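Its first residue numbered 1, the sequence shown is counted upward by one per residue in this note's numbering.
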Amino acid sequence: MQLFSLPYWTKRPLVLAVVAGGLLLAGIAGAVHVLLDWQVLNSIRHNAEVKAMTWSERLFKNVPNAESMFEEGAVADADILRLVDSFAMIDILKFQLFDMHGHRTFTAGDAEFDHEGALNKNALEVFFSGEPKLFVIHDEVAEYSGQPDTFVEAYVPAVTPDGRRVGTIEVYVDVSPLEEALESAFQQIGWLLVLGTAIVLAVPAAAYVHRTRQLRKKDRKLLELTRYDQLTGILNRNSISEILDDFFADPETANGLGVLFVDVDYFKQVNDQYGHACGDLLLKHIAGILRDSTRRNSDIVGRFGGDEFVVLAPDITRDEFRKLYGRVMEGAKTPCAHEDKSYVPSLSVGAYLTREGDTEKTALHRADLAVYAAKRRGRGQVVEYSEDLEGLFKQDLARQTA
1 MQLFSLPYWT
11 KRPLVLAVVA
21 GGLLLAGIAG
31 AVHVLLDWQV
41 LNSIRHNAEV
51 KAMTWSERLF
61 KNVPNAESMF
71 EEGAVADADI
81 LRLVDSFAMI
91 DILKFQLFDM
101 HGHRTFTAGD
111 AEFDHEGALN
121 KNALEVFFSG
131 EPKLFVIHDE
141 VAEYSGQPDT
151 FVEAYVPAVT
161 PDGRRVGTIE
171 VYVDVSPLEE
181 ALESAFQQIG
191 WLLVLGTAIV
201 LAVPAAAYVH
211 RTRQLRKKDR
221 KLLELTRYDQ
231 LTGILNRNSI
241 SEILDDFFAD
251 PETANGLGVL
261 FVDVDYFKQV
271 NDQYGHACGD
281 LLLKHIAGIL
291 RDSTRRNSDI
301 VGRFGGDEFV
311 VLAPDITRDE
321 FRKLYGRVME
331 GAKTPCAHED
341 KSYVPSLSVG
351 AYLTREGDTE
361 KTALHRADLA
371 VYAAKRRGRG
381 QVVEYSEDLE
391 GLFKQDLARQ
401 TA
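Written as structure tokens, this is what we have:
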């Protein structure tokens, strides 16, 4: 049975700060990435729109009968050559013309011409709204098709120099170089933003870690004050009482707990003869003996009073229990040295192994009764509780009052 566990101190503020900061940075980096992608997309759309509108204006300037191209699709060969030559100047891949009803009337570049003049809803919508319409297209097979990685399909209204709207122009604009340049520049900006954010976050994170460590250190000190004996460093009486309360919460399963009551013999004489400093050193010495004698993973050692100690050994057999207090008595033969003086302590020990149905009160009473018997029999020994010890106090009291 688990008797006692320290508060869970494995929460590490540094790890928490790093994880939280990492998640926040990842979120910021993701947001920056999305924002920059959006900005790149808007930039190339705007660039393509400007180029498409510019090329539309050139169309009417360079081709005298440009208006007829929207109505009949008729154009001279020389004009076609001039238009095609102008493609490279503003990264135009191809273009198509639509009349005011949304039917294709002319195509140039590598576009396939629809001789039946099928209705193009995008062209018709742009003609009536007067607002450009753009689609950014990423060619997944550009490496094999010879086409640009990214281009914009732009529909712009065809407006004559005198302001009349006569149709719609569909222009394919190569934006791959611009996209690469923007992504490269924005990527650098993005990393700078993330780095700057990391630096800004590092200051409060460091303050948080420092403050948390201070609080934890303070909490540990408070824990030591409330649970541990300040002189010996072992558990104090309150802590031992809490452990016993937990153990005996169910009397039906409260068996197999070894209880040792350890009393330091002649402690008052040690204080009187050698001084309180030696007495304190002796108590520390006894606490060390008890710790060294117990099973480290399960047994509990505490100071129960001035010169009284308690050892709790859960889930222990009688043979193991006897070996345990045998180690205690053997360890007590080690002298306690103070300045130029040496003193071999004497211990009176009461031993009790709990049984089913025991309570905290009965267990402590029987261990205490065994200590009393050990002192009565001459001190410096261990007495195991037995039924014949009951009434020992009353017998002595009767003799004293007789």
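Glycine included, C-beta positions come from ideal geometry on N, C-alpha and C. Computed from a prediction, not measured in an experiment: that's the story for all the values here.
To the nearest angstrom, how far is it from the Cα of residue 263 to the Cα of residue 229? Straight-line measurement puts the Cα of residue 229 at about 16 Å from the Cα of residue 263.
Report, in whole angstroms, the separation of the C-beta atoms of residue 199 and residue 302, which I expect to be a contact under 8 Å. Their Cβ separation, rounded to whole angstroms, is 50 Å, which puts residue 199 and residue 302 out of contact at 8 Å.
How many angstroms separate the CA atom of residue 344 from the CA atom of residue 211? 47 Å
Mind checking whether residue 374 and residue 391 have CB atoms under 8 Å apart? no
Taking just the CA atoms, how far does residue 206 sit from residue 295? 41 Å
In this structure, does DSSP put residue 157 in helix, strand or coil? The answer is strand: DSSP assigns residue 157 an E or B state.
Please report the straight-line C-alpha distance between residue 157 and residue 130, rounded to a whole angstrom. Cα to Cα, residue 157 sits roughly 6 Å from residue 130.
So, using beta-carbon positions, are residue 170 and residue 153 closer together than 8 Å? yes
For the alpha helix (DSSP H) that contains residue 323, what are its first and last residues? 318-331
Do residue 70 and the ligand SAH come close, with the Cβ less than 7 Å from some heavy atom? Among the components of this structure there are no ligands whatsoever, and the ligand SAH is therefore not found.
DSSP state of residue 248, grouped into three classes? coil
Using only alpha-carbon positions, find the residue among 355, 60, 122 and 37 that is nearest to residue 247. Cα-wise, what sits closest to residue 247 is 355.
With contact counted as at least three CB pairs below 8 Å, one residue from each stretch, are the stretch 159-178 and the stretch 51-63 in contact? yes
Look at residue 321 and residue 380 and say whether their C-beta atoms are less than 8 Å apart. no
Could you give the distance in angstroms between the alpha-carbon of residue 244 and the alpha-carbon of residue 285? 25 Å
Just reading off the beta strand (DSSP E) that residue 363 is part of, what are its end residues? Unbroken run through residue 363 is the alpha helix (DSSP H), 360-376; no beta strand (DSSP E).
Where does residue 294 fall in DSSP's three states? coil
Are residue 166 and residue 150 touching if we call contact CB-CB under 8 Å? no
Alpha carbon to alpha carbon, what distance is there between residue 119 and residue 96? 13 Å
Taking 7 Å as the limit between beta carbons, can you name the residues of its chain near residue 251, skipping five residues before and five after? 357, 358 and 359
Hey, would you say residue 126 sits closer than 8 Å to residue 51, going by beta carbons? no
Given a cut-off of 8 Å on the beta-carbon distance, is the pair residue 347 and residue 280 in contact? no
Pick out whichever of 283, 312 and 267 has its Cα sitting closest to the Cα of residue 240. 312
Output the distance between the C-alpha atoms of residue 387 and residue 377, rounded to the nearest integer angstrom. Whole-angstrom Cα-Cα distance: 17 Å.
Between the alpha carbons of residue 389 and residue 283, how many angstroms are there, rounded? 28 Å
Tell me whether residue 379 sits in a helix, a strand or coil according to DSSP, three-state version. coil
Per-residue burial, residue 10 [other beta carbons within 10 Å of its own, 16 or more giving buried]: Confidence is the limiting factor: at residue 10 the pLDDT is only 43, short of 50, which leaves the residue's position unreliable, though a coordinate-based value still follows. Exposed, since its Cβ has fewer than 16 Cβ neighbours within 10 Å.
Mind checking which residues open and close the alpha helix (DSSP H) that includes residue 93? Run containing residue 93: none in the alpha helix (DSSP H); it sits in the beta strand (DSSP E), 92-98.
Nonlocal neighbours in the same chain, by C-beta distance under 6 Å from residue 342, ignoring five residues either side: 335
Under 7 Å Cβ to Cβ from residue 66, same chain only, skipping five residues before and after it: list those, please. 59 and 60
Assuming contact is defined by CB atoms lying nearer than 8 Å, are residue 368 and residue 261 in contact in what I supplied? yes
Beta-carbon within less than 8 Å of residue 404's beta-carbon, same chain only, minus the 5 sequence neighbours each way: which residues are those? This structure cannot speak to residue 404, because the chain is shown only from 1 to 402.
Does residue 102 pass the burial test, meaning 16 or more other C-beta atoms within 10 Å, or should it be called exposed? Looking at its Cβ environment, which holds 16 or more other Cβ atoms inside 10 Å, residue 102 is buried.
Only counting the same chain, and skipping five residues up and downstream in sequence, which positions put a Cβ closer than 7 Å to that of residue 382? 325, 329, 349, 351 and 374
Could you check where the alpha helix (DSSP H) with residue 387 kicks off and where it finishes? Unbroken run through residue 387: none, as it is neither H nor E.
DSSP state of residue 56, grouped into three classes? helix
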